[in-house]
Amino acid sequence: MFIKSLLAKLLSPKYKEEVAGFIDKNPEHILVNNKSSFKKMLSVLSKASSCVMDTEADSMHHYQEKLSLIQISVGKYHWLLDPLCGLNMKALWKCKAFKQITFHACDYDLRLLARFHEFYPEHIYDTSVAAKLLGEKQTGLAALVDKYFGIKLDKDNQRADWTKRPLSPEMCRYAVLDTIFLDAIKELQCEQLEQLGRMDWLRESCENLLINSKRNKNDALEGEEEEKEGWRLKGSNAFKPLEMQLLRAIWQWRDREAKRRDCAAYRVLSPYFLLAVAKAAAKVKRKIGENDLPKLPRNLKGRLLQSFMEDLNAAAKAPASKFPSPVIRKASPRTAINEDLREKLRELRNEKAAQLKIDSGLLAKQSQLNSLADALNGSWEEKFKAAELMNWQREIWRDLVEKAVLPQTTNELRAWAKERLLAMSPECKAKESEKLLQGLSIRPALDSGFVAAFYPTEIEPQIVPFLKELADEGRLLLPRVLDKQNLEFVQVRNIEEDLQPGAFGIMEPKPGLPAFEGAPAAFLVPGIVFGKDGSRIGHGAGYYDRFLANFKTVPKLGIAYSAQMRSSLLQNATDIRMNEIIWVK
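Everything in the sequence shown is counted per this note's numbering, starting at 147 for the first residue and increasing by one.
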């Protein structure tokens, strides 16, 4: 009943001249494509205090992207404005209704409006942003309409060519359904946001969207010169001069062909194909032929293929002085990111997001975590500014950073790791152990010869299947504690029969088995904490450090869960550094 009354309220006429338009699930639309219909629309928009808006473009279908349709709703009015019909639309952007616009996922809409009409709303409400702040798992328009009203939206025309005229009835219906529900969704969301105390979060997030849209416009203006370098596709940075020369030539060929056909460039040839052609053609020392290239698309044949090959061979014959120069990249800003602090901040963020029942990225994205963990950014308040956190985010982080204390001493690090290991779920341990076993199977140092390994405790990576393989091959060595200072390694041929609980309750070779004499091909070493630089902290008795000191040239591989990893650890003179740490990144 509440939703029905809300819909009735939102969709009731607001102006005397308004005609009936919203009838159940079949709204009527008003097509605005001439001066008369445009003038009538302006008469309503000039009085309304807000409106709902959506846009459609044609980037998937034509060479030059165009803003092809603007959907505007006020109450029971649902206009489909044709921006391609030649109307002078300057008066539209001055209407009172455009001071407060409701969108859904408006990033692209704002870019289109700024690019083609230099229009920026004063205030916006984004139902997608609101849905995220409410912790919705699915934030698409169709999902929200289904949730709130039980109506299934038909998305068949999502990728339609919106420059086609006249618009089909199906396209018109699709377009109008993008706006008619947003006011009702907004009211329902605002009630929930108020209850959760997150209305200010929403207001600031929407203001931030507007700020970023203006910033993106400025970035686009600064980057106009770079459009000439559009042929430098992702993945071509490491190309050699000849490869770059060929890539530029076939990219320019594709661009001309796309312009001739009036279609999106990727519909002519994919960027991946261009990269592959440039790499393959650069290896040919004679005239380049079809058989020298990757498998050609079916649409590249006849005269089209002939012109493509002519451009490719002409580029190959050009003097090296005509080849494009490598790009001189701007130096990246200097940073001093503390990886351990970043990981701690990530954990705190994820815990808080779970508590708030929202996506963790709303509290801080990866780039923002980097800024927060950068020692060069000064105090926490300076870090907040560098990360460009909004005020509501800063309020949350001020509480979180008080908990961002890193373990420093060896005992603190051991306690930190044990707490994290005990918190790991059996499913997580099993998943990581499986990946670690895959990592062990491809390490050259473990391919042949004896491997001095360890039998894992409950909190260590479960590598028993790998140990069984080594035992079956007659290559397994496991440690046996001799006293409070020393251990020895023993060959184990059968894990089930040759082991028994030993010191500290860890499975070790039985007393009757002889000690191994000589050096193994490699050591597989346990630990409680590992550094990505090979540093290691053991359980505290020092057995491995003392034993490994006698085998300086033998490869030493640590193995760890991700929960045990730090960026680096302080080491003393007797600590033995690993050659490699095998862990799940």
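No residue lacks a Cβ here, since even glycine has one placed at the ideal position from N, Cα and C.
At the level of alpha carbons, what is the spacing between residue i and residue j?
i: G651; j: W729; result: 25 Å
i: S467; j: K431; result: 18 Å
i: E174; j: K310; result: 20 Å
i: K630; j: R495; result: 43 Å
i: E615; j: L439; result: 44 Å
i: L522; j: N484; result: 10 Å
i: G585; j: A598; result: 17 Å
i: H250; j: S274; result: 5 Å
i: Q217; j: T201; result: 6 Å
i: T285; j: Q512; result: 21 Å
i: H685; j: A561; result: 10 Å
i: F596; j: C574; result: 30 Å
i: D593; j: S708; result: 24 Å
i: M570; j: A706; result: 13 Å
i: T481; j: K678; result: 19 Å
i: L157; j: D324; result: The pLDDT assigned to L157 is 47, lower than 50, so where the model puts this residue is not dependable; a value taken from the coordinates is nonetheless given after this. Each residue's alpha carbon lies about 15 Å from the other.
i: I727; j: M653; result: 23 Å
i: E370; j: G376; result: With a pLDDT of 48 at E370, under the threshold of 50, the modelled position of this residue cannot be trusted; read the value that follows with caution. For E370 and G376, the distance between alpha carbons rounds to 10 Å.
Quick check on residue i: does DSSP put it in helix, strand or coil?
i: Q584; result: helix
i: W308; result: coil
i: L568; result: helix
i: M711; result: strand
i: L628; result: coil
i: L716; result: coil
i: A598; result: strand
i: L535; result: coil
i: L328; result: helix
i: L623; result: strand
i: E375; result: helix
i: L264; result: Going by the sequence as given, residue 264 is Glu instead of Leu. DSSP places E264 in coil when its eight states are reduced to three.
i: E578; result: helix
i: E337; result: helix
i: K431; result: coil
i: N437; result: helix
i: K283; result: coil
i: T556; result: helix
i: D721; result: coil
i: G381; result: coil
i: E548; result: helix
i: N354; result: helix
i: A563; result: helix
i: N445; result: coil
i: I605; result: coil
i: R361; result: helix
Got a sec, what are the start and stop residues for the alpha helix (DSSP H) residue i sits in?
i: L694; result: Y689 to L694
i: P417; result: P417 to A427
i: K405; result: P387 to R407
i: S189; result: K181 to L191
i: V291; result: L287 to F295
i: P611; result: V610 to D618
i: P315; result: P315 to L323
Ends of the beta strand (DSSP E) at residue i?
i: M206; result: Element bounds for M206: n/a, residue is neither H nor E.
i: W729; result: E726 to W729
i: E634; result: L633 to Q637
i: L272; result: For the sequence presented, residue 272 should be read as Asp rather than Leu. Run containing D272: H269 to D272, per the beta strand (DSSP E) assignment.
i: I176; result: I176 to V178
My understanding is that residue i touches residue j, with C-beta atoms under 8 Å, so please give their C-beta distance in whole angstroms.
i: L628; j: E619; result: Incorrect: roughly 27 Å between the Cβ atoms, too far for contact.
i: S359; j: A260; result: 6 Å
i: T248; j: Y271; result: 5 Å
i: L108; j: Y266; result: Because the chain spans 147 through 731 in this model, residue 108 falls outside it and cannot be assessed.
i: A411; j: R400; result: 6 Å
i: L233; j: F184; result: 5 Å
i: I331; j: L279; result: Actually they do not touch by this definition, with Cβ atoms about 13 Å apart.
i: R723; j: G680; result: 5 Å
i: L487; j: L552; result: 6 Å
i: A649; j: F697; result: The pair is not a contact, with the Cβ atoms about 21 Å apart (cut-off 8 Å).
Is residue i near the ligand NAP, judged by its Cβ being under 6 Å from some heavy atom?
i: I674; result: Ligands are entirely absent from the displayed structure, and the ligand NAP is therefore not among its contents.
query = At which residue ranges does the stretch 644–708 contain complete beta strand (DSSP E) runs of 3 or more residues, listed in the order of the chain?
reply = 645–647, 653–655, 668–671, 675–677 and 702–706
request  = Could I get the ranges of all uninterrupted beta strand (DSSP E) runs contained in the stretch 193–255, with 3 residues as the minimum, in chain order?
outcome  = 197–203, 213–220, 223–227 and 246–249
Unbroken stretches of the alpha helix (DSSP H), 4 residues or longer, contained in the stretch 450–532 = 485–502, 512–518 and 526–532
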